[in-house]
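Engineer: Next up is a structure, given as structure tokens.
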Amino acid sequence: MPLTGEYEPSKAQFVRDQVELYESSDGMQGATLGVLVTREDDERVRDLPVVILTTLGVRSGKIRKTPLMRVEHEGSYAVVASMAGAPEHPVWYHNVVADPRVELQDGPVRRDMLARVVTEDEKAVWWARAVEAFPDYAEYQRKTDREIPVLVLKPVVQEY
90 MPLTGEYEPS KAQFVRDQVE LYESSDGMQG ATLGVLVTRE DDERVRDLPV
140 VILTTLGVRS GKIRKTPLMR VEHEGSYAVV ASMAGAPEHP VWYHNVVADP
190 RVELQDGPVR RDMLARVVTE DEKAVWWARA VEAFPDYAEY QRKTDREIPV
240 LVLKPVVQEY
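The numbers in the numbering used here rise by one with no breaks, and the one at position 66 of the sequence shown is 155.
Below you can see the structure in the form of structure tokens.
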């Protein structure tokens, strides 16, 4: 069930560069995002792991790739549509809602996955995991009026 089609790189240069570096090195390079962590008694840059989410563009029909924070638990992943607390959802979120078949690359491993938006108790569990992996998510939620969606990705089991 791999996604097929023409790949159209992001318009954002830093996204294009990170995806290219990540994929060309099998996730050995470009696999982290340097994040400034500020606390009262600690200010430093931490390198936090990312994954590459591949979706099919809902309007263009083209393959799209987005680096996102890595939130993994027992082989399933969460992706958080935070867009740093912006008032609207990121484009990749709309792509996934329209077609939940996605590909996820975590380091050298690529997997076909199915995504779904989680709500209520399940969302609370995954939200806690996401905030543990990337504490800024909590601040992003505080600064926006929208509820930030969390999507869970589960591996597709190939039947023969």
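Positions of the beta carbon are idealized from the N, C-alpha and C atoms, including for glycine.
To the nearest angstrom, report how far apart Val155 and Ala173 are at their CA atoms.
Structural biologist: Here residue 155 is Thr; the residue named in the question, Val, does not match the sequence. Roughly 14 Å between the two C-alpha positions.
Engineer: Counting pairs of beta carbons, one from the segment 221-236 and one from the segment 183-194, are three or more of them closer than 8 Å?
Structural biologist: No, they do not touch.
Engineer: Out of curiosity, what's the CA-to-CA distance linking Val246 and Ser165?
Structural biologist: Note on geometry: alpha-carbon atoms of Val246 and Ser165 lie some 13 Å from one another.
Engineer: According to the Cβ coordinates, are Leu51 and Leu142 closer than 8 Å?
Structural biologist: As displayed, the chain neither begins before 90 nor continues past 249, which places residue 51 out of reach and without an answer.
Engineer: Which residue spans inside the segment 178-235 form an unbroken beta strand (DSSP E) run of at least 3?
Structural biologist: The qualifying runs are 190-195 and 198-206.
Engineer: Quick check on DSSP: helix, strand or coil for Asp106?
Structural biologist: helix
Engineer: Can you check DSSP and say which residues form a bridge with Val239?
Structural biologist: Val169
Engineer: Helix, strand or coil for Glu112? Go by DSSP, reduced to three states.
Structural biologist: helix
Engineer: Judging by CA-CA distance, which residue of Val241, Pro179 and Asn184 is the nearest neighbour of Val207?
Structural biologist: Val241
Engineer: Label Ala101 either buried or exposed according to how many other C-beta atoms from any shown protein chain fall within 10 Å of its C-beta, with 16 as the threshold for buried.
Structural biologist: exposed
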